[in-house]
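Working notes for the structure below.
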Amino acid sequence: MATKTDTKRSQIMRAVKCKDTVPEMVVRRLVHSLGYRYRLHRNDLPGKPDLVFGPRRKLIFVHGCFWHGHTCKRGNRQPKTNANYWRKKIQVNKERDKSTLEELRARGWEILVLWECETRQETLRQRIDTFLRSTKQIASSSFSPGSRAPSADIVK
Ligand SMILES: [Zn+2]
Numbered sequence: 007m008a009t010k011t012d013t014k015r016s017q018i019m020r021a022v023k024c025k026d027t028v029p030e031m032v033v034r035r036l037v038h039s040l041g042y043r044y045r046l047h048r049n050d051l052p053g054k055p056d057l058v059f060g061p062r063r064k065l066i067f068v069h070g071c072f073w074h075g076h077t078c079k080r081g082n083r084q085p086k087t088n089a090n091y092w093r094k095k096i097q098v099n100k101e102r103d104k105s106t107l108e109e110l111r112a113r114g115w116e117i118l119v120l121w122e123c124e125t126r127q128e129t130l131r132q133r134i135d136t137f138l139r140s141t142k143q144i145a146s147s148s149f150s151p152g153s154r155a156p157s158a159d160i161v162k
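Numbering (this note's numbering), first residue to last: 7 to 162.
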């Protein structure tokens, strides 16, 4: 049986989670409009990166400021109820993020972490394009079927 507190908690959780998907959609649309191919949430990679650019060995994570403990206004917001519960949960998320990024970098991935609050900035498009365009360690430009997005058919 769910207590009143639990119900409230899951309501908050749903509300926050729902908002978190919006920044991800903003990023996906931008990346798509720039003409890059990507795959979503690859299960075989640590942390299930939000956007995966296989042939480029690049990943983009879109982090919700609250869930991932960003040092911005939204990230520092303290819930009125269950403050300890949330603090612990977010601390766990932050530690997990850190080790996930370390592991991915060790495997040779370049990573761009975009925070929710940054997806509202005008420079977002430029940042994404610069990140994906840089050719530090691209081995080949050959087409990889694995990186084909279901609906995207544009080649850059
Ligand atoms: Zn933020």
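Yeah, the Cβ is synthetic: ideal placement off N, Cα and C, and Gly gets one too. Fair warning: this is a prediction, and the values are worked out from it, not measured in the lab.
Proximity of residue i and residue j at Cβ, strictly below 8 Å
{"i": "THR106", "j": "VAL32", "result": "no"}
{"i": "ARG34", "j": "LEU65", "result": "no"}
{"i": "PHE5", "j": "PRO55", "result": "Residue numbering for the chain in the displayed model covers 7 to 162; residue 5 lies beyond these limits and cannot be assessed."}
{"i": "LEU138", "j": "ARG62", "result": "yes"}
{"i": "ILE134", "j": "VAL37", "result": "yes"}
Rounded separation between residue i and residue j - CA only
{"i": "GLY60", "j": "ARG45", "result": "8 Å"}
{"i": "THR136", "j": "TYR42", "result": "12 Å"}
{"i": "HIS47", "j": "ASN88", "result": "30 Å"}
Beta-carbon contacts of residue i that lie in its chain and below 7 Å, excluding the five residues immediately before and after
{"i": "ASN197", "result": "Any property of residue 197 remains undetermined from this structure, which presents the chain solely from 7 to 162."}
{"i": "GLU109", "result": "PRO52"}
Delimiting residues of the beta strand (DSSP E) encompassing residue i
{"i": "PHE59", "result": "57-59"}
{"i": "LEU65", "result": "64-69"}
{"i": "GLU116", "result": "116-121"}
8 Å CB neighbourhood of residue i in its chain, flanking five on each side removed
{"i": "ARG102", "result": "GLY53"}
Delimiting residues of the alpha helix (DSSP H) encompassing residue i
{"i": "LEU107", "result": "89-112"}
{"i": "LEU40", "result": "Careful: LEU40 lies outside any alpha helix (DSSP H) and carries neither H nor E."}
Examine the Cβ distances between the segment 114-129 and the segment 70-78 and report whether three or more of them are shorter than 8 Å. Remark: three or more beta-carbon pairs, one from each stretch, lie closer than 8 Å, so the segment 114-129 and the segment 70-78 are flagged as touching.
Counting beta carbon pairs with one atom in the segment 75-86 and one in the segment 126-139, are three or more of them shorter than 8 Å? Taking a contact to require three or more Cβ pairs closer than 8 Å, the segment 126-139 and the segment 75-86 do not qualify as touching.
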